[in-house]
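Every position in the sequence shown, counted from 1, becomes a number in the numbering used here once 24 is added. Beta carbons: idealized from backbone N, C-alpha and C, even for Gly. Report on the following structure.
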Amino acid sequence: EMNILYIAPISGPITGLSLASKVFLGELQRSHHVKVLDYSKGGLVHGVNSFERILQVFKLFQTIIKIKSKYDVIYMTMSQSISGNIKDNLILFLLLAQLPITILHLHGGGIRKHVYDRSKYLSHLARILLSRVNTIIVLGESLKTIFRNIVEEEKIKVVNNFAEPALFNSK
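Now the structure itself:
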């Protein structure tokens, strides 16, 4: 049994990312001790949309600082907006000593277009931080190219996208 720090949006609204995070969390909890840090926004608005959100993120940072050294593995989902990427980079900086045990999960394919191609600074920071993580999970083979010239290809693993059977309609 491993101690896993799980940093992901779990609660509403239901999105592809929150659903995948919830399903994966359920599987991990079957055989591991998992501490969840839920950073759900409570809405579908992208970016920083309130002072409360800023406070929520700073509380997340404080919690990470306090507990980060207690875990065997750290799992974190990746944001695909500029503000979300800045938040992720701050978290990764806080986890600097734990990056070799950190697994990142990119649910989607827009981070290169929306973040790395728009900001040379964030692209350069990604090369520094992401090269130190253990693994980056993407949803398909074609998405491996997102991290070309940023991370060694052997660090990128494919876990194919899915949908729960209840989401399909036989009609």
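Would you check if the distance between the CB atom of S35 and the CB atom of S64 is smaller than 8 angstroms?
yes
Of the residues G40, I88, F82 and L41, the one placed nearest V60, counting alpha carbons only:
I88
In chain order, what residues of the same chain lie with their CB nearer than 7 angstroms to the CB of V175, ignoring the 5 residues before and after it?
L154, S155 and I160
Three or more C-beta pairs closer than 8 angstroms, one from the region 134-151 and one from the region 98-110: is that the case here?
yes
Give the secondary structure of N27 by DSSP, where H, G and I count as helix, E and B as strand, and everything else as coil.
strand
Minimum C-alpha distance to L167 - residue among I152, H129 and A150:
H129
Please classify A121 as buried or exposed, where buried requires at least 16 neighbouring CB atoms within 10 angstroms.
exposed
What's the C-alpha gap between E178 and R77?
35 angstroms
C-alpha gap between L149 and R54, whole angstroms:
35 angstroms
Give a yes or no on whether the C-beta atoms belonging to P33 and T101 are separated by under 8 angstroms.
yes
Taking the beta strand (DSSP E) that V97 belongs to, which residues open and close that run?
V97 to T101
With H, G and I counted as helix, E and B as strand and the rest as coil, what does DSSP make of L68?
Only weak support is given to the placement of L68: the predicted model assigns it a pLDDT of 45, under 50, and the value that follows is read from those uncertain coordinates. In this structure, L68 counts as coil in the three-state DSSP scheme.
Continuous beta strand (DSSP E) assignments of at least 3 residues falling wholly in the region 108-160:
126-129
Is A121 a contact residue of the ligand GTP, with contact defined as CB to any heavy atom under 7 angstroms?
Of ligands this structure carries none, so the ligand GTP is not represented either.
State buried or exposed for H131, treating a residue as buried only when at least 16 other CB atoms are found within 10 Å of its CB.
buried
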